[in-house]
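As structure tokens, the structure follows; a few thoughts come after it.
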Amino acid sequence: MSHPTFRLYNTLTHETEPVEPIEEEHLRFYSCGPTVYMYAHIGNFRSFLTADFIRRTAEALGWDVTNVSNITDVGHLTQDDLVDPGGEDKMQQALEREGERFANIYDLARHYTGAFLEDWRALNLREPEVRPRATEHVTDQLQAVIELVEKDHAYTTDQGVYFSVESFEDYGHLSGNTEAQQLEATDRETVEDPQKRDPRDFALWKHDPEHLMHWHSPWGWGYPGWHIECSVMGMRYLGDRFDLHTGGEDLIFPHHECEIAQNQALAGHPVVNYWVHTRFLQVEGEKMSKSAGNFYTVRDLIQPGPDDTHVPASIRQRGGVDPLALRYALMQGQYRKPFNFTLDTLETAARHVRRYRSVSEHVDEALAEDAEGPDPLGDRLDAIYERTLAAMCDDLNTPAATAAALEGVKAIEQTDRLSGAAARSAQDWLTRTNDLLGIVASEFESNEPHEASADSGLGTAAQNDAIEDLLADREAARADGEYARADAIRDTLDALGIEVMDRPDGTEWRRKVEL
RNA sequence: GGUGACGUGGCCGAGUGGUUAGGCAGAGGCCUGCAAAGCCUCCUACGGCGGUUCGAAUCCGCCCGUCACCUCCA
């Protein structure tokens, strides 16, 4: 079967280009990961999801994938173009804010790293082949800085080491920020390093023996600049030529611009062919911010605590939404366009995810029965899958892909009685669709003790028994024509968040998804 | 001020020259004891002004608006 061409928008060229891996059918790419100083929010994961879809699409095409995704566990200054030893960094601020929770900065990093990985699995993102930590690669970073100084791409001052932007003529290509005076023109409240040669120069190493994390270097105790870690870890694991690099749109400048300069200065040639950036999302039409009250971490939505009052009560009361619903909701905008995340979208997503689960269960039942009969679904579902894959290959058009896939759900639902052959086709389609989109079933459930949540269709055995008892009473009442009593029982169930559905072949129930 | 992205029906969002996106909400119908769920039908838009063309949401120009980055941020 011939596959569609995988195309992605390349920030470097401003064009949507066919993805042509350097090694045939082997995509190698680097994804900028989080700084672990707080719980990751849904915007962070929109960006990580982009990397996950690049992986899944490549795998669906039969390619091998090597993905490196870092964890930044070094606290970097809030102004990385200066080496101001008086400044505080994000992780240090977090530690001071949460001093009672953590014994030191490493404790804090460990905690948030663990939480991040939990969220990652909950949202059904596939694990990268390599997940390097910045703190474990400081020696590599130091060596890179030394090399840059030796090659005259960097110079030292009393306060640290700077990359000399002047030494790299292509600086500004990625972002379009080519004018030095633009950077000078920006208001800066911090004290300049008087020894800095060019306002655009950025720090590679900061001299600061007082920093909570510090390492020994030829320039005394200190810590590395922010941009150098990704250059170093990328090339360490992917070599000095690899295909693609992802990140949020905010990283275009300065982070990726600086990374390109470092890479090229070190390697002597371009290192990365495609740069892919995910746009920020908004929440309910506004920039997500704590002050606006629309700032959601992943765990705010999938397992909110009773004190998380900024989370809508409807979500808190039901113990959070299905993580796959959050994943589905985040797919309703293409990564490269502005996306307005709303609770309405989340609720719709929860319904669709439940629909997939329901169809999946029916297919399982039909497989067990394995009835004789034709297979009206196979060809239809194959065509739907091809359209889904084509949408993903078209610059990760996830809204179009989910729209196409939903037609497959309908096709299965509309089939009155699934033969064994039809069920096998349906099962095969569900598996392929889940491999590509990750919205049918979690691939990590076995790793994680999944707490029974309202819309997982699970629930405690005792609860389910009570519901079954009520339904039995209702059935008896209906059989006796006592509809008033039957409807009263239905109202009781409804108040418990249970939907009752009388189908031709019997009564079914499920938990509601209204948020 | 500089750089870039984007503007589609009540809402979310596909669609790059001529033919239905889809979903959500809403209306009607089928089914049901009544509901719910599901299914069927309906609701037909492209920021504004010019231009190119037989024909533009789709190409070009200008304008308006929104968002983001230029300072930590996915």
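Counting in my numbering, the first sequence runs without a single skipped number right up to 528 at its last residue.
Yeah, the Cβ is synthetic: ideal placement off N, Cα and C, and Gly gets one too.
Being a predicted model, the structure only gives us computed values, none of them experimental.
Compare the C-alpha of residue i against each of the options and name the closest.
i: residue 32; options: 289, 283, 160; result: 289
i: residue 412; options: 185, 350, 278, 281; result: 350
i: residue 191; options: 176, 267, 121, 260; result: 267
i: residue 182; options: 214, 172, 154; result: 214
i: residue 145; options: 528, 250, 69, 494; result: 250
i: residue 364; options: 339, 516, 382, 133; result: 339
i: residue 275; options: 302, 175, 137; result: 175
i: residue 216; options: 264, 188, 272; result: 272
i: residue 260; options: 287, 281, 278, 282; result: 287
i: residue 521; options: 474, 135, 498, 485; result: 485
i: residue 321; options: 278, 121, 303, 336; result: 303
i: residue 228; options: 186, 178, 151; result: 151
i: residue 75; options: 408, 475, 402, 431; result: 402
i: residue 223; options: 231, 41, 236, 211; result: 236
i: residue 58; options: 17, 241, 131, 112; result: 131
i: residue 419; options: 113, 452, 374; result: 452
i: residue 429; options: 353, 475, 518; result: 518
i: residue 171; options: 306, 206, 292, 137; result: 206
Label residue i either buried or exposed according to how many other C-beta atoms from any shown protein chain fall within 10 Å of its C-beta, with 16 as the threshold for buried.
i: residue 239; result: buried
i: residue 398; result: buried
i: residue 405; result: buried
i: residue 2; result: Residue 2 is absent from the model: the chain starts at 14 and stops at 528.
i: residue 141; result: buried
i: residue 95; result: Any answer about residue 95 is weak, because its pLDDT of 45 lies below 50 and its placement is not dependable; what the coordinates show is given next. Residue 95 should be labelled buried.
i: residue 357; result: exposed
i: residue 15; result: exposed
So residue i and residue j are supposed to be a Cβ contact under 8 angstroms. How far apart are they, rounded?
i: residue 480; j: residue 506; result: 7 angstroms
i: residue 284; j: residue 253; result: 6 angstroms
i: residue 270; j: residue 341; result: At roughly 34 angstroms, the Cβ-Cβ gap does not stay under 8 angstroms, so residue 270 and residue 341 are not in contact.
i: residue 105; j: residue 225; result: 5 angstroms
i: residue 366; j: residue 440; result: Not quite, the Cβ-Cβ distance comes to about 18 angstroms (not below 8 angstroms), so this is no contact.
i: residue 487; j: residue 499; result: 5 angstroms
i: residue 19; j: residue 79; result: Wrong, their Cβ atoms sit about 16 angstroms apart, outside the cutoff.
i: residue 454; j: residue 447; result: 6 angstroms
i: residue 49; j: residue 126; result: 5 angstroms
What's the C-alpha gap between residue i and residue j?
i: residue 245; j: residue 157; result: 7 angstroms
i: residue 501; j: residue 525; result: 18 angstroms
i: residue 294; j: residue 169; result: 39 angstroms
i: residue 326; j: residue 54; result: 19 angstroms
i: residue 328; j: residue 44; result: 31 angstroms
i: residue 248; j: residue 344; result: 30 angstroms
i: residue 147; j: residue 83; result: 7 angstroms
i: residue 218; j: residue 119; result: 20 angstroms
i: residue 385; j: residue 410; result: 38 angstroms
i: residue 393; j: residue 426; result: 13 angstroms
i: residue 162; j: residue 68; result: 36 angstroms
i: residue 512; j: residue 63; result: 35 angstroms
i: residue 434; j: residue 372; result: 16 angstroms
i: residue 415; j: residue 160; result: 48 angstroms
i: residue 47; j: residue 153; result: 20 angstroms
i: residue 188; j: residue 457; result: 38 angstroms
i: residue 167; j: residue 180; result: 8 angstroms
i: residue 382; j: residue 389; result: 17 angstroms
i: residue 355; j: residue 72; result: 31 angstroms
i: residue 334; j: residue 387; result: 38 angstroms
i: residue 461; j: residue 495; result: Since pLDDT at residue 461 reaches only 40, below the 50 mark, its modelled position is unreliable, and the value read off the structure follows with that caveat. For residue 461 and residue 495, the distance between alpha carbons rounds to 45 angstroms.
i: residue 102; j: residue 109; result: 11 angstroms
i: residue 407; j: residue 85; result: 31 angstroms
i: residue 24; j: residue 263; result: 12 angstroms
Over what stretch of residues does the alpha helix (DSSP H) that includes residue i continue unbroken?
i: residue 314; result: 311 to 315
i: residue 20; result: Here residue 20 belongs to no alpha helix (DSSP H); instead the beta strand (DSSP E) covers 20 to 23.
i: residue 244; result: 239 to 251
i: residue 162; result: 151 to 163
i: residue 304; result: Looking at the DSSP string, residue 304 is not in any alpha helix (DSSP H), and its letter there is neither H nor E.
i: residue 31; result: Per DSSP, residue 31 belongs to no alpha helix (DSSP H); it is in the beta strand (DSSP E), 28 to 31.
i: residue 481; result: 474 to 492
i: residue 414; result: 411 to 427
i: residue 82; result: Unbroken run through residue 82 is the beta strand (DSSP E), 77 to 82; no alpha helix (DSSP H).
i: residue 41; result: Run containing residue 41: none in the alpha helix (DSSP H); it sits in the beta strand (DSSP E), 39 to 44.
i: residue 443; result: 433 to 450
i: residue 122; result: 118 to 135
For residue i, report the span of its beta strand (DSSP E) as first-last.
i: residue 369; result: Unbroken run through residue 369 is the alpha helix (DSSP H), 356 to 382; no beta strand (DSSP E).
i: residue 522; result: 519 to 524
i: residue 512; result: 511 to 516
i: residue 391; result: Taken as a continuous stretch (DSSP letters only), residue 391 belongs to no beta strand (DSSP E), being part of the alpha helix (DSSP H) at 391 to 406.
i: residue 290; result: 285 to 291
i: residue 260; result: 255 to 261
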